[in-house]
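For reference, the structure is listed below as structure tokens.
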Amino acid sequence: MASGVAAARSAEEPPPPAPPPEPPAEQKPPPLLPPPPPAQEEFSFLPLVHDIIKCMDKDSQDVHQVLNELKNKFQEMRKLISSMPGIGVSPEQQQQQLQNLREQVRTKNELLQKYKSLCMFEIPKE
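So this is what it looks like as structure tokens:
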């Protein structure tokens, strides 16, 4: 009898509204990439030195402005160099890291050769 009551109720009540369709999955933006390295001109002091020499030859008043630009360029490069990863690592520590990495490569190459010799993998011939 309970099934008859449930059937009667379902006939009286409209079915619950369907949930709204989900919006299409938003495309996630690609992971942020590090900024591209600055163009080679940004590391060159020669154009500014050339401008200073030209200003001095012409007895121009712009020489102080160009000297300030050169000074600012030096300051920017100092900041850039001090922010580089590994700048605080001594040459001895760098040599030790290099030796450790070479040892890891040698060990991995040995393991790779060992796995290849097991004939578990078929390597396609090109």
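To get this note's numbering, take the position in the sequence shown, counting from 1, and add 51.
Ideal placement from N, C-alpha and C gives every residue a C-beta, glycine not left out.
Cβ shell of residue i (< 6 angstroms), same chain only, five flanking positions each side left out
{"i": "SER168", "result": "none"}
{"i": "ASP113", "result": "CYS106"}
{"i": "GLU143", "result": "none"}
Neighbour-count burial assignment, residue i, 16 or more Cβ in a 10 Å radius
{"i": "ILE138", "result": "exposed"}
{"i": "VAL56", "result": "Reliability of the predicted coordinates at VAL56 is poor, the pLDDT of 49 falling under 50, and no value is obtained from them."}
Same chain, Cβ closer than 7 angstroms to residue i, five either side skipped, listed in chain order
{"i": "LEU118", "result": "ILE103"}
{"i": "GLU120", "result": "LEU99"}
Cβ-based neighbour list, residue i, same chain, cut-off 8 angstroms, excluding 5 preceding and 5 following
{"i": "LYS124", "result": "PHE96, LEU99"}
{"i": "LYS122", "result": "none"}
{"i": "ASN160", "result": "none"}
Count Cβ pairs between the region 91–100 and the region 119–131 that sit closer than 8 angstroms; are there 3 or more? yes
Kindly provide the ranges of any alpha helix (DSSP H) runs that are 4 or more residues long and lie completely inside the region 109–156, ordered along the chain. 114–133
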